[in-house]
Amino acid sequence: METAMKPQHISLDLSKWVLLPSTSTKRKLRDLNGFFADTQATKSILKSGQDPIIYEVYECLQPQEVGHLNLGTTIVHPGKIGEEFYMTKGHFHAKEASSEVYLGLEGEGLILLQSRTGNSECLAMSQGDVIYVPPGWGHRTVNVGAERLAFFFTYQADAGHDYESVQKRGFSKLVVERHGRVQVVGNPRFMTKT
Ligand code: PA5
Ligand code: MN
Numbered sequence: 001m002e003t004a005m006k007p008q009h010i011s012l013d014l015s016k017w018v019l020l021p022s023t024s025t026k027r028k029l030r031d032l033n034g035f036f037a038d039t040q041a042t043k044s045i046l047k048s049g050q051d052p053i054i055y056e057v058y059e060c061l062q063p064q065e066v067g068h069l070n071l072g073t074t075i076v077h078p079g080k081i082g083e084e085f086y087m088t089k090g091h092f093h094a095k096e097a098s099s100e101v102y103l104g105l106e107g108e109g110l111i112l113l114q115s116r117t118g119n120s121e122c123l124a125m126s127q128g129d130v131i132y133v134p135p136g137w138g139h140r141t142v143n144v145g146a147e148r149l150a151f152f153f154t155y156q157a158d159a160g161h162d163y164e165s166v167q168k169r170g171f172s173k174l175v176v177e178r179h180g181r182v183q184v185v186g187n188p189r190f191m192t193k194t
């Protein structure tokens with residue numbers, strides 16, 4: 001089957017971690033309102049007039065049809081809201097039978113993964129690490145370092161994103177700094193979020 005799209009050459013800027021060509025989306029704290037556990041900390045930062053960029057996504061091609069791959073890079077900035085490290089919103093793929101691959105480019109990250117039945121995993125990702133996200137596993141990326149965290153991703157183009165489940169129930173684990181250490185702890189509000 002020959003598709004309408006011709007073969008593509010894409011380059012990766014090795015200092016900015018931006019694919020060329022690509023379109024960028026910046027996710028600011030306001031966009032993540034309700035995702036960080038410490039809602040009071042979120043509120044007070046926003047109230048003070050600050051709205052830091054938490055992460056940026058650079059996507060290229062963005063085909064939607066079955067058979068294609070979507071690909072891009074994500075840069076999660078360093079920082080914390082309350083005790084919780086900056087992270088992506090996290091999502092399940094709307095089409096459950098779709099998978100994803102990440103390649104760590106720079107920085108220190110943790111990937112929180114969880115299944116619909118409540119199983120959870122946490123995998124470290126730094127430069128050169130490849131993470132395979134099997135079908136059915138929700139995923140969120142957390143920057144636990146002092147520098148930016150950058151990674152490349154690719155997934156089936158028709159996978160779609162289900163953010164709603166995460167917004168409603170949260171992730172079962174939180175990645176926080178306590179006593180000067182990175183800790184993965186249970187989320188007391190998991191499933192009970194309103
Ligand atoms: O599809 C993915 O898993 C990534 O491309 C993410 O979309 C990206 O890292 C941003 O995270 P999120 O979509 O959870 O906001
Ligand atoms: Mn995904």
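Just so you know, we're using my numbering here: the sequence shown kicks off at 1 and counts up by one. Cβ atoms here follow ideal geometry from the backbone N, Cα and C, with glycine treated the same way.
Check whether the Cβ of residue i sits closer than 7 Å to any heavy atom of the ligand MN, and report yes or no.
i: Tyr163; result: no
i: Glu100; result: yes
i: His93; result: yes
i: Tyr155; result: yes
i: His200; result: Because the chain spans 1 through 194 in this model, residue 200 falls outside it and cannot be assessed.
i: His68; result: no
Would you mind reading off the limits of the alpha helix (DSSP H) that contains residue i?
i: Arg169; result: Glu164 to Arg169
Return yes when the C-beta of residue i is under 7 Å from any heavy atom of the ligand PA5, and no when it is not.
i: Gly90; result: yes
i: Ala178; result: The sequence given here places Arg at residue 178; Ala does not occur at that position. No, the beta carbon of Arg178 sits no closer than 7 Å to any heavy atom of the ligand PA5.
i: Thr74; result: yes
i: His77; result: no
i: Arg27; result: yes
Under three-state DSSP, which class holds residue i?
i: Ala41; result: helix
i: Arg140; result: strand
i: Leu29; result: helix
i: Lys6; result: coil
i: Leu71; result: strand
i: Lys47; result: helix
i: Ala124; result: strand
i: Gly145; result: coil
i: Tyr102; result: strand
i: His161; result: strand
Looking only at its own chain, which residues have a Cβ that is under 6 Å from the Cβ of residue i, when we skip the five neighbours before and after it?
i: Thr88; result: Tyr55, Arg140 and Thr141
i: Asp26; result: Per the sequence shown, the amino acid found at residue 26 is Lys instead of Asp. Answer for Lys26: Ile53 and Glu56, listed in chain order.
Might you give, ordered along the chain, the residues of its own chain that have their beta carbon closer than 7 Å to the beta carbon of residue i, omitting 5 neighbours on each side?
i: Thr194; result: Any reading at Thr194 is ruled out, since the residue's pLDDT is 45, under 50, leaving its predicted position unreliable.
Where do the ends of the beta strand (DSSP E) carrying residue i lie?
i: Phe36; result: Per DSSP, Phe36 belongs to no beta strand (DSSP E) and is neither H nor E.
i: Ile53; result: Ile53 to Cys60
i: Glu108; result: That residue, Glu108, is in no beta strand (DSSP E); it is neither H nor E in DSSP.
Here's a check: name, in chain order, each residue in its chain whose Cβ is nearer than 8 Å to the Cβ of residue i, leaving out the five neighbours to either side.
i: Gly109; result: Val76, Ala124, Met125, Ser126, Thr141, Val142, Asn143, Val144, Gly145, Leu149 and Phe151
i: Ser115; result: Gly136, Trp137 and Gly138
i: Tyr86; result: Ile54, Tyr55, Val76, His77, Pro78, Gly79, Lys80, Val142 and Asn143
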